[in-house]
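Quick note, the sequence shown lines up with residues 238 to 799 if you use this note's numbering.
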Amino acid sequence: MIICGIKLTHDASVAVIRNGKLLFCVEVEKLNNNKRYSEIGDLSTLVEILDLYGLKPSDIDRYVLDGWHGKDSYWRGESVLIQSSGGEDVSLKVASYNEVSIKEDVLARNSFASALPLDGKRYHYASYMHVTGHLLSAYCTSPFAAAGESAYVLAWDGGQYPRLYHVDPVEKRILNKGRLFCLLGTIYSIMGHYFGPYKRTEEQLAEEREKRDYEGYFGGYSIAGKLMSYIALGKVREELVAQLPIIYEREFEVANTFEHRFMRAIKAEIAGRDYSDADVLLSLHTYLQELLVSSLRTKIRKDGLLPQNFCFTGGSALNIKWNSAIRQSGMFRATYVPPFPNDCGSAIGAACAEMMTVDGRMALDWSVYSGPMVRVGEPEPGWRQRPCDVAELASLFASKGCPVVFLNGAAELGPRALGNRSILAPATNPDMKTLLNRIKKREDFRPVAPICMEEHAPEIFSPGTHDPHMLFDHMVKPEWRSRIPAICHLDDTARLQTVNVDENETIYRLLSEYHKLTGVPLLCNTSANLNGSGFFPDVGSAMRWGGVDHVYSDGILYERSA
238 MIICGIKLTH
248 DASVAVIRNG
258 KLLFCVEVEK
268 LNNNKRYSEI
278 GDLSTLVEIL
288 DLYGLKPSDI
298 DRYVLDGWHG
308 KDSYWRGESV
318 LIQSSGGEDV
328 SLKVASYNEV
338 SIKEDVLARN
348 SFASALPLDG
358 KRYHYASYMH
368 VTGHLLSAYC
378 TSPFAAAGES
388 AYVLAWDGGQ
398 YPRLYHVDPV
408 EKRILNKGRL
418 FCLLGTIYSI
428 MGHYFGPYKR
438 TEEQLAEERE
448 KRDYEGYFGG
458 YSIAGKLMSY
468 IALGKVREEL
478 VAQLPIIYER
488 EFEVANTFEH
498 RFMRAIKAEI
508 AGRDYSDADV
518 LLSLHTYLQE
528 LLVSSLRTKI
538 RKDGLLPQNF
548 CFTGGSALNI
558 KWNSAIRQSG
568 MFRATYVPPF
578 PNDCGSAIGA
588 ACAEMMTVDG
598 RMALDWSVYS
608 GPMVRVGEPE
618 PGWRQRPCDV
628 AELASLFASK
638 GCPVVFLNGA
648 AELGPRALGN
658 RSILAPATNP
668 DMKTLLNRIK
678 KREDFRPVAP
688 ICMEEHAPEI
698 FSPGTHDPHM
708 LFDHMVKPEW
718 RSRIPAICHL
728 DDTARLQTVN
738 VDENETIYRL
748 LSEYHKLTGV
758 PLLCNTSANL
768 NGSGFFPDVG
778 SAMRWGGVDH
788 VYSDGILYER
798 SA
């Protein structure tokens, strides 16, 4: 059976599963240098993506659309997505965003007959709640599903409060254990509207409040990740951390505007105090982290189950410090965060919901390198090419110390560059982080991640565990900080990605060769893309961008010649 999962709204993607195996997942932003968080607005895009893999719309046995929220001020009402098809607008009904009550079945299947127009024909489709896609993109790709083990799954994104679920693969049942507390995942971005380098003026806040769109009033897509870096500039103000729950209780209301009310109250409360914005943001981060861990602990104890596995999903699960705090809490036997916890994974999750409902499968056979294949071509004007194996490339890093765009095979899934759409560079140069941030037009405080041979990670990092998806925080050990300064963040942490030969053979061989030459088993790793766009889809894009002098792809090194 071939199942096609579709996410039409922001972070749009198309995923196809055949008989329990993920064939591909194409995020629209990773095509043609499209803008980050791109939507699908025309159903012809879906047809074009299927065609990339030799599929026609009629080859698909089941179509599944991700659910979404309604249009009123509280995101309620009928969920309808408007698409273009053949030059005309069509209305596609979809499931809701999440449950209204704790007893509502999160696996409820909504069916729509002959309602999806593709390439001159109309197809049946199903739709599941948006939260269901988050839950199953996490659980079905987890090692727990592969082992037939149950797990808790926490879902927290911009459209809902953090909700805890328990997935039982034997009974094929998901139980809603209720919310942890009442803050939308937008809280982290909205913090940045009031404090820090992206804060708004009162006039801007008023204008965004009037428009009430996601990119403005509800936080936007990019600010949270930047603030996670910026908070390293601050100091935790314990007296403020202690005061925040009091302000929360005093100001609380059940509304999707509460996060703004909360921030305005905090801003008024601390007026005149000698706090930097970085101090306030780090204190807020600390408060939220403590609230998350303590609320989760309370909920787990109340449930009374034996130590369990745990998955974290939704956009909030991109917060590596929160992920690490949960993993280090001792509550769970094992912790898993998928590489696509935000809406990049929603098409996979929707397809998994149909796989579970129709086939009864709970575990997905998948690889994180299941995105679009890199396109190669002739050198751009002013460039030349030559054959180059990974040993020669390692020698280039060791001798010249320069950054290289590295484009290899199928793109990685999710927002993190995991070696196949990366800019790689030696971490031994203390100026490399500044150089990479400059060529990428990023702020100076933004960190650069290490990509490291798995077996050597414990020597350099604490805990240095197997983390192939760059979703946890690791301390750089003191004796290594001066050796690899480019990957040390301001607080001496690093967003580590480990690699072994089975996960990415090419990158692993490159690191091995570099290690032989230098004694350092890692490189800097940051995403290869135009500022504000998805990963480079082809070598030509990287050469035309021109931020570095070398581009490597599939055994060919492209070098600037003029």
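Yeah, the Cβ is synthetic: ideal placement off N, Cα and C, and Gly gets one too.
(request) Go through its chain and collect everything with a Cβ distance to residue 570's Cβ below 7 Å, but skip five positions before and after it. (result) Sequence index remark: in the sequence shown, residue 570 carries index 333 (1-based). Excluding the 5 residues flanking it on each side, residue 570 has same chain C-beta neighbours closer than 7 Å at 544, 545, 546, in chain order.
(message) Taking the straight line between their C-alpha atoms, what separation do you get for residue 474 and residue 518?
(response) Locating residue 474 in the sequence shown gives position 237, counting from the first residue. Locating residue 518 in the sequence shown gives position 281, counting from the first residue. When the Cα atoms are used, residue 474 and residue 518 turn out to be separated by approximately 10 Å.
(request) Determine the contact status of residue 800 and residue 665, defining contact as a CB-CB distance below 8 Å. (result) Look at the range of the chain in this structure, 238 to 799, and you will see that residue 800 is not part of it.
(request) Please check the pair residue 784 and residue 676, which I expect to be a contact at CB under 8 Å, by giving their CB distance rounded to whole angstroms. (result) Numbered from 1 along the sequence shown, position 547 holds the residue referred to as residue 784. Numbered from 1 along the sequence shown, position 439 holds the residue referred to as residue 676. The pair is a contact, with the Cβ atoms about 4 Å apart (cut-off 8 Å).
(request) Report all residues from its chain with a CB closer than 7 Å to the CB of residue 695; omit the five preceding and five following residues, and keep chain order. (result) For the purposes of this step, residue 695 is taken as residue 458 along the sequence shown, with counting starting at 1. Correct list, in chain order: 701.
(message) Taking the alpha carbon of residue 649 as the reference point, which residue from 380, 589, 261 has its own alpha carbon closest?
(response) Taking the sequence shown and counting its residues from 1, the one referred to as residue 649 is at position 412. Considering only alpha carbons, the answer is 261.
(message) Determine whether the beta carbon atoms of residue 609 and residue 293 lie at a separation below 8 Å.
(response) For this step, residue 609 is matched to residue 372 along the sequence shown. For this step, residue 293 is matched to residue 56 along the sequence shown. Not in contact: residue 609 and residue 293 (Cβ atoms no closer than 8 Å).
(request) Decide if the segment 497 to 517 is in contact with the segment 477 to 486; the criterion is three or more beta carbon pairs, one per stretch, under 8 Å apart. (result) Counting Cβ pairs under 8 Å, three or more are found: they touch.
(message) Could you tell me the alpha carbon to alpha carbon distance between residue 284 and residue 614, rounded to whole angstroms?
(response) Residue 284 sits at position 47 when you count from the first residue of the sequence shown. Residue 614 sits at position 377 when you count from the first residue of the sequence shown. About 25 Å.
(message) I'd like to know whether the C-beta atoms of residue 249 and residue 281 end up nearer to each other than 8 Å.
(response) Mapped onto the sequence shown, residue 249 falls at position 12. Mapped onto the sequence shown, residue 281 falls at position 44. No; because the gap between Cβ atoms is not below 8 Å, this pair is not in contact.
(request) Check each candidate in 347, 360, 750 and name the one with the smallest Cα separation from residue 633. (result) In the sequence shown, counting from the first residue as 1, residue 633 sits at position 396. Measuring from the Cα of residue 633, the nearest candidate turns out to be 750.
(request) Over the uninterrupted alpha helix (DSSP H) stretch that includes residue 805, give me the two end residues. (result) Nothing in the structure corresponds to residue 805, since the chain is present only between 238 and 799.
(request) Would you identify the three-state DSSP class for residue 457, choosing helix, strand or coil? (result) Numbered from 1 along the sequence shown, position 220 holds the residue referred to as residue 457. Annotated three-state conformation of residue 457 is coil, per DSSP.
(message) Suppose contacts are defined by Cβ-Cβ distances below 8 Å. Is residue 396 in contact with residue 421 by that definition?
(response) Residue mapping note: residue 396 aligns to position 159 of the sequence shown, counting from 1. Residue mapping note: residue 421 aligns to position 184 of the sequence shown, counting from 1. Closer than 8 Å, so yes.
(message) If contacts are defined as beta-carbon pairs under 8 Å, then residue 302 and residue 245 qualify, I think. What distance do you get, rounded to the angstrom?
(response) Numbered from 1 along the sequence shown, position 65 holds the residue referred to as residue 302. Numbered from 1 along the sequence shown, position 8 holds the residue referred to as residue 245. Confirmed, Cβ separation roughly 7 Å.
(message) On the CB-based measure, 16 or more other CB atoms within 10 Å of its CB, does residue 542 come out buried or exposed?
(response) Taking the sequence shown and counting its residues from 1, one reaches residue 542 at position 305. With fewer than 16 Cβ atoms within 10 Å of its Cβ, residue 542 is classed as exposed.
(message) Whole angstroms are fine: how far does the CA of residue 346 sit from the CA of residue 589?
(response) The residue labelled residue 589 in the question sits at position 352 within the sequence shown. The residue labelled residue 346 in the question sits at position 109 within the sequence shown. Answer to the nearest angstrom: the Cα atoms are 12 Å apart.
(message) residue 566 and residue 559 - do their beta-carbons sit closer together than 8 Å?
(response) Translated into the one-based positions of the sequence shown, residue 559 becomes position 322. Translated into the one-based positions of the sequence shown, residue 566 becomes position 329. No, they are not a contact pair.
(message) By alpha-carbon positions, which one of 746, 729, 692, 763 ends up nearest to residue 674?
(response) Locating residue 674 in the sequence shown gives position 437, where the first residue counts as 1. Out of 746, 729, 692, 763, 763 has the C-alpha closest to the C-alpha of residue 674.
(message) Can you tell me whether residue 322 is helix, strand or coil according to DSSP?
(response) For the purposes of this step, residue 322 is identified with residue 85 of the sequence shown, where counting begins at 1. In the structure shown, residue 322 sits in a strand (DSSP, three-state: E or B).
(message) Using the Cβ count rule (16 or more neighbours within 10 Å means buried), how would you classify residue 247?
(response) As a working mapping, residue 247 is identified with position 10 in the sequence shown. Residue 247 counts as buried, since no fewer than 16 other beta carbons sit within 10 angstroms of its beta carbon.
(request) On a CA-only basis, which of 656, 391, 472 is nearest residue 530? Give me that one, please. (result) Taking the first residue of the sequence shown as position 1, residue 530 is located at position 293. It is 391.
(message) Can you look up residue 522 in the DSSP assignment and give me helix, strand or coil?
(response) What you label residue 522 is simply residue 285 of the sequence shown in a count that begins at 1. Under the three-state reduction of DSSP output, residue 522 falls in the helix class.
(request) Determine the extent of the beta strand (DSSP E) in which residue 542 is found, giving its start and end residues. (result) Reading the sequence shown from its first residue, position 305 is the one you call residue 542. Taken as a continuous stretch (DSSP letters only), residue 542 belongs to no beta strand (DSSP E), as it is neither H nor E.
(request) State the DSSP-derived secondary structure class of residue 306, mapped to helix, strand or coil. (result) Along the sequence shown, read from residue 1 onward, the residue named residue 306 stands at position 69. Judged by DSSP in its simplified three-state form, residue 306 adopts coil rather than helix or strand.
(message) To test your reading of the DSSP string, which unbroken alpha helix (DSSP H) runs of 4 or more residues are found completely within the segment 613 to 693?
(response) Counting whole runs of 4 or more residues, the segment 613 to 693 contains the alpha helix (DSSP H) stretches 627 to 637, 669 to 676.
(request) Take residue 598 as the anchor and find which of 508, 409, 437 has the nearest alpha-carbon. (result) Along the sequence shown, one-based indexing puts residue 598 at 361. The shortest C-alpha separation from residue 598 is found at 409.
(message) If I measure Cβ to Cβ from residue 766 and keep anything under 7 Å in the same chain, skipping five residues before and after, which residues do I get?
(response) Walking along the sequence shown from the start, residue 766 turns up at place 529. Cβ neighbours of residue 766 beyond the five flanking positions: 772, 773.
(request) Have a look at residue 736 and residue 604 and give me their C-alpha separation to the nearest angstrom. (result) Within the sequence shown, residue 736 is the residue found at index 499, counting from 1. Within the sequence shown, residue 604 is the residue found at index 367, counting from 1. So the two alpha carbons sit approximately 14 Å from each other.
(message) Could you compute how far the alpha carbon of residue 780 sits from the alpha carbon of residue 403?
(response) For the purposes of this step, residue 780 is taken as residue 543 along the sequence shown, with counting starting at 1. For the purposes of this step, residue 403 is taken as residue 166 along the sequence shown, with counting starting at 1. Cα to Cα, the separation comes out at about 48 Å.
(request) Could you tell me the distance, in whole angstroms, from the CA atom of residue 190 to the CA atom of residue 790? (result) Nothing about residue 190 can be reported from this structure: the residues present for the chain run from 238 to 799 only.
(message) Excluding the 5 residues flanking residue 387 on each side, which residues of the same chain have their C-beta closer than 8 Å to its C-beta?
(response) Sequence index remark: in the sequence shown, residue 387 carries index 150 (1-based). Once the five neighbours on either side are set aside, the close Cβ partners of residue 387 are 381, 403, 404, 405, 406, 407, 545, 546.
(message) Quick check: what's the CA-CA separation for residue 600 versus residue 459?
(response) One-based indexing of the sequence shown puts residue 600 at position 363. One-based indexing of the sequence shown puts residue 459 at position 222. Residue 600 and residue 459: Cα-Cα distance of roughly 31 Å.
(request) Counting only the same chain and skipping the five closest in sequence on each side, list residues whose C-beta sits under 7 Å from that of residue 728. (result) As a position in the sequence shown, residue 728 is number 491, starting the count at 1. 469.
(message) Can you check which of these residues, 616, 269, 501, 653, is closest to residue 436 by C-alpha distance?
(response) Locating residue 436 in the sequence shown gives position 199, counting from the first residue. From the listed residues 616, 269, 501, 653, the smallest Cα separation to residue 436 is found for 501.
(message) Using a 10 Å radius around the Cβ and a threshold of 16 neighbouring Cβ atoms, would you call residue 711 buried or exposed?
(response) Residue 711 sits at position 474 when you count from the first residue of the sequence shown. It is buried - the Cβ of residue 711 has at least 16 other Cβ atoms within 10 Å.
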